[in-house]
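Asks: For reference, each letter of the sequence shown is one residue, going 784 to 1020 in the working numbering. Glycine included, every Cβ here is placed at the ideal spot set by N, Cα and C. No experiment lies behind these values; they were computed from the predicted model shown. What follows is a structure written as structure tokens; I'll ask about it next.
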Amino acid sequence: MVKPLYWMNLTTTMRCRPEDVNTLLCRFDHVRMLAFVDQQPTDIVIDYPFKIEFSPRGIEKLRLPEEIDDKNLFFLRNIVKDLSIGADLRENADSLPVFIAKQNYVIAGCATLFTVLNHDQVSNQTRNYDLQILPLPGRRPDSVVVIEKITEHKKCAKPGNPSYSMQKMNYKIKTYVSRMQIGDTTFNSQTRMHMEMKTKELISIRDISYVELVDIERATEPMPQADFDHVATLYFE
């Protein structure tokens, strides 16, 4: 087994509240980094709010009060992408449980294989809320909807010709596999991504992200007021 030359673990809590039916106003709380070098946890301050705008496909835009540096934007994209389905399931209802559609993460216009299945619900946790799941043909009551996505870099709109930002960082996305599970009271999503970066040597990078709904609570503070004039997408432009 090959040992990693370097690893880093980032954990955070993301708190969101709905601004309207298609927009979440969010912020990160307690971002903590644990790196291979010193293995001492370090708190990172990311104290700006941001908005997530949805469409039937999933996340369309991110809105921020101001432009942020590339590192924080990459971190933001890497977390919120796990909230995005990436395709309109209703448009592909006749092709279920398997269909191919284009999604826009990490590179725009990547052909992705979608698999949508129903699994038995195993959680017995009692919650004071129910999640609304889009009506899907053949969905069994009390089942968990599982959405799996597989993307290959060579199946993107411009194979071998990523965007300027990707070229600047010398990254190449090799594989992208995502699994989202949505139940009546549960939500979790995990993505595994394999990238290669060319420097003097070829460096292999494996990125694993995981998002889980912990709870839904009543808001106790007024909605913060700010201008969210800076727009970003989920993919590198």
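Rounded to a whole number of angstroms, what is the C-alpha to C-alpha distance between P832 and L845?
Replies: Indexing the sequence shown from 1 puts residue 832 at position 49. Indexing the sequence shown from 1 puts residue 845 at position 62. About 11 Å.
Asks: Check for me: the alpha helix (DSSP H) holding I916 runs from which residue to which?
Replies: Here residue 916 refers to the residue found at position 133 when the sequence shown is read from its first residue. Secondary structure note for I916: it is in no alpha helix (DSSP H), with a DSSP letter that is neither H nor E.
Asks: Can you tell me whether DSSP reads K864 as helix, strand or coil?
Replies: Taking the first residue of the sequence shown as 1, we reach residue 864 at position 81. K864: helix per DSSP, three-state reduction.
Asks: How do the stretch 957 to 975 and the stretch 911 to 918 stand: do at least 3 beta-carbon pairs fall below 8 Å, yes or no?
Replies: yes
Asks: Do you know offhand how far T895's Cα is from T982's?
Replies: The residue labelled residue 895 in the question sits at position 112 within the sequence shown. The residue labelled residue 982 in the question sits at position 199 within the sequence shown. Rounded to whole angstroms, T895 to T982 spans 29 Å at the Cα level.
Asks: Between the stretch 796 to 809 and the stretch 997 to 1010, can you find at least three pairs of beta-carbon atoms closer than 8 Å?
Replies: Because the criterion of three Cβ pairs below 8 Å is met, the stretch 997 to 1010 and the stretch 796 to 809 touch.
Asks: Assuming Q904 and V927 make a contact with CB atoms under 8 Å, what is their CB distance in whole Å?
Replies: Residue mapping note: residue 904 aligns to position 121 of the sequence shown, counting from 1. Residue mapping note: residue 927 aligns to position 144 of the sequence shown, counting from 1. The pair is a contact, with the Cβ atoms about 5 Å apart (cut-off 8 Å).
Asks: Return helix, strand or coil for Q950, following the three-state DSSP convention.
Replies: Position 167 of the sequence shown holds residue 950. Summary for Q950: the model assigns pLDDT 49, below 50, so the residue's position carries little reliability; its value from the coordinates is reported in the next sentence. In this structure, Q950 counts as helix in the three-state DSSP scheme.
Asks: Locate the beta strand (DSSP E) running through R975, then write down its first and last residues.
Replies: To locate residue 975, count along the sequence shown from 1; it is residue 192. Counting along the chain, the beta strand (DSSP E) containing R975 begins and ends at F970 to K981.
Asks: Does the count of Cβ pairs from the stretch 996 to 1003 and the stretch 807 to 820 closer than 8 Å reach three?
Replies: no
Asks: Would P945 be called buried (16 or more neighbouring beta carbons within 10 Å of its own) or exposed?
Replies: If you number the sequence shown from 1, residue 945 lands on position 162. Here P945 scores only 43 on pLDDT, less than 50, and its place in the model should not be relied on; the value that follows carries that caveat. Counting Cβ neighbours within 10 Å, P945 comes out buried, since at least 16 surround it.
Asks: Might you give, ordered along the chain, the residues of its own chain that have their beta carbon closer than 8 Å to the beta carbon of D756, omitting 5 neighbours on each side?
Replies: Residue 756 lies beyond the residue range present for the chain, which begins at 784 and ends at 1020; the question has no answer from this structure.
Asks: Just list the residues that DSSP pairs I933 with in beta bridges.
Replies: Taking the sequence shown and counting its residues from 1, the one referred to as residue 933 is at position 150. Paired residues: L896 and V960.
Asks: Leaving out five residues on either side along the sequence, give the residues of the same chain with a beta carbon under 6 Å from the beta carbon of T795.
Replies: The residue given as residue 795 occupies position 12 in the sequence shown. F811 and V814.
Asks: Starting from G869 and walking both ways along the beta strand (DSSP E), at which residues does that stretch end?
Replies: Within the sequence shown, numbered from 1, the residue matching residue 869 stands at position 86. G869 -> no beta strand (DSSP E), and no H or E assigned at all.
Asks: Thinking just about the alpha-carbon of each residue, which of L1017, I868, I986 and L900 is nearest to the one in P880?
Replies: For the purposes of this step, residue 880 is taken as the residue at position 97 of the sequence shown. Of the candidates L1017, I868, I986 and L900, the one whose C-alpha sits nearest the C-alpha of P880 is L900.
Asks: Out of curiosity, what's the CA-to-CA distance linking S838 and I986?
Replies: Translated into positions along the sequence shown, residue 838 becomes position 55. Translated into positions along the sequence shown, residue 986 becomes position 203. Taking the straight line from one Cα to the other gives about 36 Å.
Asks: Would you list the one or two residues that DSSP bridges to A884?
Replies: If you number the sequence shown from 1, residue 884 lands on position 101. A884 pairs with T895.
Asks: Going by DSSP, which residues form a beta bridge with F858?
Replies: Here residue 858 is taken as the residue at index 75 of the sequence shown, counted from 1. DSSP output for F858 lists no bridge partner at all.
Asks: Taking N792 and I829 to be in contact with their CB atoms under 8 Å, please state how far apart those CB atoms are, rounded to whole angstroms.
Replies: Stepping through the sequence shown from its first residue, residue 792 is reached at position 9. Stepping through the sequence shown from its first residue, residue 829 is reached at position 46. Actually they are not in contact, since the Cβ atoms of N792 and I829 sit about 16 Å apart, beyond 8 Å.
Asks: In the DSSP output, what is I842 paired with across the bridge?
Replies: As a working note, residue 842 is residue 59 in the sequence shown. Looking at the DSSP assignment, I842 forms a beta bridge with F837.
Asks: Identify the residues that DSSP records as bridge partners of T796: which are they?
Replies: As a working note, residue 796 is residue 13 in the sequence shown. T796 is bridged to D812.
Asks: Is it buried or exposed, I842, if we count other Cβ atoms within 10 angstroms and call 16 or more buried?
Replies: Locating residue 842 in the sequence shown gives position 59, where the first residue counts as 1. Classification of I842: buried, given that the 10 Å Cβ count is 16 or more.
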